[in-house]
Amino acid sequence: MTSPTTPSLRLTAAVLILMASLLTAAAQQVKADAATDREMTGEPIFSHPMQYTGMVNYEGEMIPSFVYGDFYVFDKLVFKSPAQARKYYKIANNIKKVYPLACEIQATVNRTIAHMDSLPTKKEKDAYLKQQEKELKAEYYPRLKKLTFAQGKLLIKLIDRQCDMTGYELIKKYMGGFKAGFYNAFASLFGASLKKEYDPEVDDRLTERAILLIESGQM
Numbered sequence: 365m366t367s368p369t370t371p372s373l374r375l376t377a378a379v380l381i382l383m384a385s386l387l388t389a390a391a392q393q394v395k396a397d398a399a400t401d402r403e404m405t406g407e408p409i410f411s412h413p414m415q416y417t418g419m420v421n422y423e424g425e426m427i428p429s430f431v432y433g434d435f436y437v438f439d440k441l442v443f444k445s446p447a448q449a450r451k452y453y454k455i456a457n458n459i460k461k462v463y464p465l466a467c468e469i470q471a472t473v474n475r476t477i478a479h480m481d482s483l484p485t486k487k488e489k490d491a492y493l494k495q496q497e498k499e500l501k502a503e504y505y506p507r508l509k510k511l512t513f514a515q516g517k518l519l520i521k522l523i524d525r526q527c528d529m530t531g532y533e534l535i536k537k538y539m540g541g542f543k544a545g546f547y548n549a550f551a552s553l554f555g556a557s558l559k560k561e562y563d564p565e566v567d568d569r570l571t572e573r574a575i576l577l578i579e580s581g582q583m
């Protein structure tokens, strides 16, 4: 006759099963491929650029010709755990929300610089900058205050990427060192820095990968 299982044996078996489940979960790897990208971040916000260039002769037959924009091919990212994958895709989702805003700011900066260069006197430039500051606050403040803390820090870096100048350098160059210092001190209260530079090779390598895929309409 088989003896009944003791409580200690049942507990030991339960612990072993739990440990095996945890080890299995830890061993699972998540790969970042195009299908996963779309599932985790949704539809692309930009379409892949394509331009019709006319009809061309191909082996005696006239066929339409198209020129496509850059298309990026990366090695698949392999995450050690689903949590690591979620962290990456959270960053990618934040980029989708913030990157268009960084592009707008880039266009505004370029337009402002071009107009300032056309003004002959410092007095006219100062007046124009004062007007621009007022208009930009009215336009962007309601949108910026809706960003999360992580999205705000990301935007600071993306401004450096798009404008080739940090937010601090931009403010200092066009509004003076006092305002640059004031705004940077204000940002530091929230653990951010307008002097933060974008580093596509090391610190922001995965961010750069996501941006290239988003720019080309692949994510």
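Just so we're aligned, residue 365 is where the sequence shown starts under our numbering, counting upward by one. Backbone N, C-alpha and C fix where the C-beta goes; we use that ideal spot for every residue, glycine too. In this text the structure is predicted, and so the values were computed from the model without any measurement.
Per DSSP, the continuous beta strand (DSSP E) segment holding I427 begins and ends at E425 to Y432. Contact check between the region 436-454 and the region 396-405: three or more CB pairs, one atom from each, fall below 8 Å, which counts as touching. Within the model, the alpha-carbon separation for H479 versus T472 is close to 11 Å. With at least 16 other beta carbons inside 10 angstroms of its own, R573 counts as buried. By the neighbour-count criterion, in which a residue is buried when 16 or more other Cβ atoms sit within 10 angstroms of its Cβ, A544 is buried. Distance between E407 and F443, taken at the CA atoms: about 22 Å.
Counting only runs of 4 or more residues that sit fully inside the region 454-538, the alpha helix (DSSP H) segments are 486-508 and 513-527, in chain order. In the DSSP annotation of this structure, the continuous segment of the beta strand (DSSP E) that includes L441 starts and ends at L441 to F443. As computed with DSSP, V394 is found in a beta bridge with F443.
By the C-beta density criterion, V462 is buried, having at least 16 other C-beta atoms within 10 angstroms. Taking a C-beta distance under 7 Å as the contact criterion, A556 and K517 qualify as a contact pair. For L483 and T476, the gap between their C-alpha atoms comes out near 11 Å.
Rounded to the nearest angstrom, the Cβ distance from V420 to S429 is 4 Å, consistent with a contact under 8 Å.
The Cβ atoms of I520 and K560 sit closer than 7 Å to each other.
CA-to-CA, the gap between A502 and K509 works out to about 12 Å.
As computed with DSSP, G541 is found in no beta bridge at all.
In this chain, the beta strand (DSSP E) harbouring V420 covers M414 to Y422. For the pair V394 and Q415, the CB atoms are not nearer than the 7 Å cut-off. Taking C-beta separations shorter than 6 Å and ignoring five residues to either side along the sequence, the partners of L441 in its chain run A396, following chain order.
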